[in-house]
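Asks:
Residue numbers (the working numbering): 1 to 332.
#1: Which class does residue 311 belong to by DSSP, given the choice of helix, strand or coil?
#2: Counting only runs that start and end within the region 249-297, where is the alpha helix (DSSP H) found for 4 or more residues in a row?
#3: Taking three-plus beta-carbon pairs below 8 Å as touching, is the region 154-167 in contact with the region 114-121?
#4: Residue 155 by DSSP, collapsed to three states: which one?
#5: For residue 6, name the three-state secondary structure that DSSP assigns.
#6: Tell me which same chain residues have a C-beta within less than 7 Å of the C-beta of residue 322, skipping the five on either side of it?
#7: Hey, is the region 298-312 in contact with the region 124-137, meaning 3+ C-beta pairs nearer than 8 Å?
#8: Can you give, in chain order, each stretch of the beta strand (DSSP E) that sits fully within the region 16-80 and has at least 3 residues?
#9: Do you know offhand how far residue 164's Cα is from residue 10's?
#10: For the candidate residues 30, 199 and 110, whose alpha-carbon lies nearest to that of residue 182?
#11: Along the chain, where does the alpha helix (DSSP H) containing residue 194 start, and where does it finish?
#12: Should residue 203 be labelled buried (16 or more other beta-carbon atoms within 10 Å of its own) or exposed?
#13: I'd like to confirm the pairing. Which residues does DSSP put opposite residue 163 in its beta bridges?
#14: Kindly indicate the opening and closing residues of the alpha helix (DSSP H) around residue 123.
#15: Do residue 245 and residue 256 have their beta-carbon atoms positioned less than 8 Å apart in this structure?
#16: Between 201, 171, 213 and 55, which lies nearest to residue 42 when the distance is taken from Cα to Cα?
#17: Where does the unbroken beta strand (DSSP E) through residue 83 begin, and where does it stop?
#18: Using a Cβ-Cβ cutoff of less than 6 Å, which residues in the same chain neighbour residue 184 once the five nearest sequence positions on both sides are dropped?
#19: Could you give the first and the last residue of the continuous alpha helix (DSSP H) run that contains residue 235?
#20: Quick one: any contact between the region 137-157 and the region 201-218, if contact means 3 or more CB pairs under 8 Å?
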């Protein structure tokens with residue numbers, strides 16, 4: 001039991017809890033849910049706060065229910081097993097707001113910002129709450145933990161680049177500049193969120209159909225590449241061509257969704273052409289990988305790009321949480 005650790009990634013709209021063995025990073029059991037930080041916070045405002053329940057306790061109660069579910073699934077009693085929590089749980093709408101760490105940020109995790117909570121009668125687990133990182137004009141919570149784990153993993157394999165931009169696609173894609181074992185800067189691109197907004201609530205919503213978005217067929221690929229070819233053109237102007245593509249019968253609605261994706265991903269990645277002295281490391285999950293891989297090829301970035309498999313990124317998140325937990329020298 002002393003080698004067990006509960007690793008929790010608690011995002012705005014998603015929750016994942018994993019029981020792992022710290023000695024070899026082996027995943028033993030996991031549970032996931034859509035009970036992200038935002039929904040728990042909304043419930044606390046509506047119910048908990050009015051009932052006099054503190055925000056920290058309300059979040060602990062929500063977390064312990066998930067721990068109990070995981071324990072039941074695994075058939076293991078988990079009392080006294082410590083918990084490491086990263087993501088939005090350390091934000092103003094989370095369990096407890098913790099200040100961000102600043103740049104430059106060491107990749108060994110030694111400069112990370114934490115808060116430690118002792119076990120209680122109703123929550124029999126030591127808990128470490130991990131904050132994020134800020135620059136002068138940007139913030140992130142969670143991706144830095146993945147990055148710590150990934151650089152450690154690459155270092156052990158002898159494959160860690162000395163100078164690279166790590167690209168983490170997503171709702172808010174992150175481009176993280178690492179040099180000499182330090183995170184020097186990072187940039188957030190609202191690629192996924194803008195796509196969702198355009199496709200669901202804007203005037204373009206009736207011009208696209210995302211139902212076939214997992215089907216990267218030849219015609220869908222051609223539409224995506226057409227969007228990529230517009231990278232560098234004024235984006236606010238080119239977005240309207242999504243509507244005219246449909247009005248003029250140039251593309252089907254499903255093809256148009258791929259065209260829109262190409263426009264946005266192209267706008268995100270095009271500036272990397274000017275950073276020719278930097279190696280690129282694509283750290284994409286399974287769903288977005290074919291899109292970003294194709295974009296990198298079409299923008300002539302493939303020659304200096306290394307790709308990381310999705311399962312290794314998952315493992316990197318675990319390694320990062322273990323490293324940060326061990327940095328706290330907790331007695332377990």
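Note that the Cβ used here is the ideal one computed from N, Cα and C, for glycine as well.
Quick caveat: nothing in here was measured; it's all calculated off a predicted structure.
Replies: Based on what the coordinates show:
#1: As a first step, residue 311 must be located in the chain shown, where it is residue number 311. In this structure, residue 311 counts as helix in the three-state DSSP scheme.
#2: 253-269
#3: no
#4: Start at 1 with the first residue of the chain shown, and residue 155 comes out as number 155. In this structure, residue 155 counts as helix in the three-state DSSP scheme.
#5: Here residue 6 refers to the residue found at position 6 when the chain shown is read from its first residue. Strand at residue 6.
#6: Your numbering for residue 322 matches position 322 in the chain shown. Cβ within range, chain order: 5, 22 and 25.
#7: no
#8: 26-33
#9: In the chain shown, residue 164 corresponds to position 164, counting from 1. In the chain shown, residue 10 corresponds to position 10, counting from 1. Their Cα atoms are separated by approximately 27 Å.
#10: Here the question's residue 182 lines up with position 182 in the chain shown. Among 30, 199 and 110, the Cα nearest to that of residue 182 belongs to 110.
#11: Taking the chain shown and counting its residues from 1, one reaches residue 194 at position 194. Run containing residue 194: 191-200, per the alpha helix (DSSP H) assignment.
#12: What you label residue 203 is simply residue 203 of the chain shown in a count that begins at 1. Classification for residue 203: exposed.
#13: Here residue 163 refers to the residue found at position 163 of the chain shown. Its beta-bridge partners are 179.
#14: Taking the first residue of the chain shown as 1, we reach residue 123 at position 123. Note, residue 123: premise wrong, no alpha helix (DSSP H); not H, not E.
#15: Mapped onto the chain shown, residue 256 falls at position 256. Mapped onto the chain shown, residue 245 falls at position 245. Against a cut-off of 8 Å, the Cβ pair of residue 245 and residue 256 comes out as a contact.
#16: Start at 1 with the first residue of the chain shown, and residue 42 comes out as number 42. Checking every option, the nearest Cα to that of residue 42 belongs to 55.
#17: To locate residue 83, count along the chain shown from 1; it is residue 83. Here the beta strand (DSSP E) through residue 83 covers 83-87.
#18: To locate residue 184, count along the chain shown from 1; it is residue 184. Cβ within range, chain order: 104 and 177.
#19: The residue labelled residue 235 in the question sits at position 235 within the chain shown. 235-238 is the extent of the alpha helix (DSSP H) around residue 235.
#20: no
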